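For the first sequence, the residue numbers in my numbering are 5 to 599.
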Amino acid sequence: MNQGHPGILYSQAFRKAVLNVLSSLAPEIEPVIEVPRFEGADLCLVCFPIAKVLRRPPKEIASEIGTMMEDDPRWKLEAAGGYLNCSYDPVRYATDCAHYLWSNLHDLGSIVDRPRKVIIEHTSANPNGPFHVGRARNPIIGDTLTRMFRAAGYEVGSQYWVNDMGKQVMILVWGIHNIDPALLPPPERDKADHRLVSFYQEANRRMEADPSVELEINSMLLHYERAVQEGGRDRVISGEGSAKVKASDVRDACESVLEGMKGSLADLNVFMDSFVYESAVVEDGKVRTVIEGLKRSSLCRKEGGAYYLDLSGILSGGDDDRFRKRFVFTRSDGTALYTTRDLAYHLWKLNIADVAINVLGEDHRYQSRMLGLALEELGSEKVPEALFYSFVSLPEGKMSTRRNKVVFLDDLLEEAISRARTEVLKRRSDLSGEEVDEISRKVGVGALRFNMIRVQPEKPITFRWEDALNFEGASAPFIQYSHARACSIIRKGGGPPPDEPDWGSIVEASERELLKRLVGYPLVLKECVSGRRPHLMAGFLVDCASSFNDFYRDCPVLLEGDAPRRRMRIGLCTLARDVISDGLHCLGIEAPQSM
RNA sequence: GGGCACGUAGUCUAGCUAGGACAAGGCGACGGCCUCCUAAGCCGUAUGUCAAGGGUUCGAAUCCCUUCGUGCCCGCCA
5 MNQGHPGILY SQAFRKAVLN VLSSLAPEIE PVIEVPRFEG ADLCLVCFPI AKVLRRPPKE
65 IASEIGTMME DDPRWKLEAA GGYLNCSYDP VRYATDCAHY LWSNLHDLGS IVDRPRKVII
125 EHTSANPNGP FHVGRARNPI IGDTLTRMFR AAGYEVGSQY WVNDMGKQVM ILVWGIHNID
185 PALLPPPERD KADHRLVSFY QEANRRMEAD PSVELEINSM LLHYERAVQE GGRDRVISGE
245 GSAKVKASDV RDACESVLEG MKGSLADLNV FMDSFVYESA VVEDGKVRTV IEGLKRSSLC
305 RKEGGAYYLD LSGILSGGDD DRFRKRFVFT RSDGTALYTT RDLAYHLWKL NIADVAINVL
365 GEDHRYQSRM LGLALEELGS EKVPEALFYS FVSLPEGKMS TRRNKVVFLD DLLEEAISRA
425 RTEVLKRRSD LSGEEVDEIS RKVGVGALRF NMIRVQPEKP ITFRWEDALN FEGASAPFIQ
485 YSHARACSII RKGGGPPPDE PDWGSIVEAS ERELLKRLVG YPLVLKECVS GRRPHLMAGF
545 LVDCASSFND FYRDCPVLLE GDAPRRRMRI GLCTLARDVI SDGLHCLGIE APQSM
C-alpha cells in the first residue's frame, strides 16, 4: 500500500533530518513540517513554534537549522523568514515520481492491505416517480464513494433501501388501481417511472380534495402491513368502495417504477449492487425482534398504546412539550413505523459490514441521529456513518414532485448529451454517427456528474442550466479533453513505450510539475476515502489536466528529434492518461480516447 | 421556542477536520494566440473589509464566543 511513494519517502527523510538537528537544539519539540502554499519549495519547516521555546528570532533559527543539517543530494535548503524551505532536487524527484508511477500503474489506488467490508447506502428514493434534480446528488455522491472505496481496495457494496411500505407508495398504488388512465395527460417519456408518476400526482390531488380517499389509503396501509407480516401476499388490502388491490400489487408497482428509475441511474453510470425492500424486514420478523428489544430498554415509555424511547436526557435543546424528543417505534394499534423498519435494516446491515455509510439528504440529519441513539440503546457497538448533502434548488426555490415543480434528471441528462453533441459536431466532421453518439454521451454524462460532485456535499447548489452544461474551464470535458489529447499523442507515437523509458532526460519544468501532480493520485484517493470527501478528486483531476496542458504547450512530443526524449515524453503521456482515466473512473466519468 | 448546517471578488466554488509566508481556481468582462502533437486549449488584464464584532495565539478564512443572513429539521408521516 503506497510502498515507496516518493512524496511520502522524501517528506519522511526530511523530517528525520530535521529531527536529527532538533534533538540537540530542542529535543522536546515536535517539528511542524508542511507543504508551502507558494511554488518554489516542496516542504517547509515552520520555525515559529521553535522560536517560542528557544526564545530566539525564528529567522535566525531557520538559518541555523539549515546550516546544521547535513547536505543531502535529494534536496536544497533555504531559510526564508521564519521558514526553512526544502526544495527537492528537481530531476531526481521527478525521476523517482515517474518510476513510482510507471511501476504501480496498474494498481495506483490500493491503500488497504486487508479488505474491509463496507456497505454504502445511497439514493433510496421512494419508488413513486422519476428522479428529479433536487436529490440528484445522492446517487452521484453514493456511486462515486462506492467506486473510490473499490479503487482503494475495499470490499464494498452499494445498497438501495426500497420503501415499499410507506404512504407515498400506497398513494401511487391506489392511483394505479382507481384512476382511469384516459383522464391523465400522456407521459412525457415512455418509461415506467414517467408513466406512473401521473397516477401518483392525480391520486394526491384526489386525496387532498376528498378525505375518504385518504382514509382508504391509510386503511390499505394497515392491511398491507398485516398481510406482509403474516406472509399473506395474496390477501386483498383494499376496502369495499374501491378497486381490488392485493398485497402483491404493491411490490409490483414499486418494481415497475423502480425499473424506470434504474434506467435513469444506468444512464448516469450508477449501478447498485443490491436492493433491499422494507417489506422484507417486516416479513422475516426482524422488525418484531427490534420492537421486543426496544421494549426492554430503560428508556422505553408507553403512552396510549404506543411505545417510544424517551431521548430527552440525551438530545440537547429545549424541552417544550410541543417539541418532544421521542423515538416512537410502535403506533397505538401496534403497527411499526418507518423508523422501526429502518432500525431493523440497519441492525442487519451493521452485522454484515465493518462500516456502513449512508448518503442522506440534509432533511435526514435529525432522524439519523435518532437512529444512531436507538441502535446504541439496542446494544449495537456500531452505528452507521452519515454523509449529508444539501439539496439542489432552482433559482426560484425548492423542487417538489408533488407540485410538479421539478427538473427531471432524465431531462437534464438528455439536454446535457444533446448540448454535448452540438459541441462535438462543431469540432469534428470526420466522425461516424456512432462515434458522435458515444462521445456526446460520455461528455454529457461526465459534465453532469462532475458538476454535482465537485462541490462539498454539505454546501447547497442552485441549479442553473448554463452552469450545469458549461463545458469549459473546471469541468469534466476539460479533463476528458486532456485525456483525449494524451491518447492522440500516444496513438500517433506508436503506442505506449513497451519498457520503462529512461526518465533521465526530463529537463522541462512542466514535465516535472506534471509528474509531481500525477504522483499525488494515491494520496488524494486515500483522502477521498478515509475522509469521505469524494469532491477532492474533482479538483485534483482539474489540476492534473491543467498540468498536462502546460506540458502539452511547452514540450513537443511527436516533433521531438531526440529519440530517448521522445520515448520518455510518450511515457509521460501514458502516465497522465492512466492517472486521469483512473481518477475519472472513480467519478463514474468515462474517458474518451478522442473527442 | 429549540436543534443542525451554510455565508469566501459581479457570479460559482477550493482552502476550514489537523491555524502558518502576499486567500487559489472556474464562469462572466476586456485584450492576445491555430503555416507546429485536438483552440472543449493556452497567455495576459481587472475585480476581495474571507457575513459582522469580539476572543485565543508570535500568527486566524481556518479554533472559541456573540450577532446578523439563508436553508433544513423538531409527526403514533415516510
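By construction, the Cβ of each residue, glycine as well, lies at the ideal position given by its N, Cα and C atoms.
Note that the structure is a prediction, hence the values are computed from the model and not measured.
Which same chain residues end up closer than 7 Å to residue i when comparing Cβ atoms and leaving out the 5 residues on each side of it in sequence?
i: Ala357; result: Lys121, Val122 and Ile123
i: Arg210; result: Val217
i: Ile457; result: Ile144, Ile145, Thr148, Pro538, His539, Ala542 and Leu591
i: Cys491; result: Arg581, Gln597 and Ser598
Within its chain, find whatever has a CB closer than 6 Å to the CB of residue i; leave out the 5 residues flanking it on each side and keep chain order.
i: Gly309; result: Ser336
i: Asn455; result: Ala472
i: Asp277; result: Gly161 and Ser162
i: Met374; result: Phe331
i: Ser246; result: Asn182 and Glu220
i: Ile493; result: Val561 and Cys577
i: Arg425; result: Ser444
Does the distance from the C-beta atom of residue i to that of residue j stay below 9 Å?
i: Asn142; j: Tyr204; result: no
i: Met224; j: Gly243; result: yes
i: Val440; j: Arg453; result: no
i: Pro461; j: Leu391; result: yes
i: Gly524; j: Phe544; result: yes
i: Pro505; j: Met572; result: yes
i: Tyr87; j: Ala66; result: yes
i: Tyr349; j: Phe331; result: no
i: Lys195; j: Gly138; result: no
i: Val173; j: Ala257; result: yes
i: Arg239; j: Asp168; result: no
i: Glu212; j: Gly179; result: no
For residue i and residue j, what's the separation of their Cα atoms in angstroms?
i: Glu296; j: Thr334; result: 11 Å
i: Pro10; j: Gln16; result: 10 Å
i: Ser320; j: Arg369; result: 14 Å
i: Leu81; j: Ser550; result: 28 Å
i: Ala83; j: Tyr92; result: 15 Å
i: Asp415; j: Asp271; result: 12 Å
i: Cys577; j: Cys548; result: 12 Å
i: Ser202; j: Arg489; result: 46 Å
i: Arg626; j: Gly477; result: A question about residue 626 goes unanswered here, because the residues of the chain that appear run from 5 up to 599.
i: Ser479; j: Ala451; result: 6 Å
i: Thr339; j: Thr127; result: 26 Å
i: Arg516; j: Pro31; result: 36 Å
i: His589; j: Leu49; result: 36 Å
i: Val447; j: His110; result: 25 Å
i: Asn553; j: Asp76; result: 33 Å
For residue i, which residues of its own chain have a beta-carbon under 8 Å away from its beta-carbon, when the five flanking residues on both sides are left out?
i: Gly157; result: Met5, Gly113, Ser114, Ile115, Val116, Asp117 and Pro119
i: Gly235; result: Glu287
i: Glu564; result: Arg570 and Arg573
i: Tyr104; result: Gly8, His9, Pro10 and Val523
i: Arg151; result: His589, Cys590, Leu591 and Gly592
Starting from residue i and walking both ways along the alpha helix (DSSP H), at which residues does that stretch end?
i: Val546; result: His539 to Asp558
i: Leu319; result: Here Leu319 belongs to no alpha helix (DSSP H), and DSSP marks it neither H nor E.
i: Val25; result: Pro10 to Leu29
i: Cys590; result: Ala567 to Cys590
i: Asn222; result: Pro215 to Gln233
Tell me the DSSP secondary structure of residue i in three-state form.
i: Cys90; result: strand
i: Cys491; result: helix
i: Asp168; result: coil
i: Ser397; result: strand
i: Ala156; result: coil
i: Phe2; result: Nothing in the structure corresponds to residue 2, since the chain is present only between 5 and 599.
i: Lys639; result: Summary: the structure shown does not reach residue 639, with the chain confined to residues 5 through 599, and so no result is reported for it.
i: Cys101; result: helix
i: Arg139; result: helix
i: Cys48; result: strand
i: Phe467; result: coil
i: Glu389; result: strand
i: Glu462; result: coil
i: Gly161; result: strand
i: Ile421; result: helix
Under 8 Å from any heavy atom of the ligand FMN, does the C-beta of residue i make it?
i: Val449; result: Questions concerning the ligand FMN fall outside what the structure shown contains, since it holds no ligand whatsoever.
Quick one: give me the first and last residue of the beta strand (DSSP E) that residue i is part of.
i: Thr334; result: Arg330 to Thr334
i: Trp79; result: Trp79 to Ala84
i: Cys532; result: First-last for Cys532: Tyr525 to Ser534, but that is the alpha helix (DSSP H), not the beta strand (DSSP E).
i: Ile124; result: Lys121 to Glu125
i: Asp2; result: No statement about residue 2 is possible, as the shown extent of the chain runs from 5 to 599 and does not include it.
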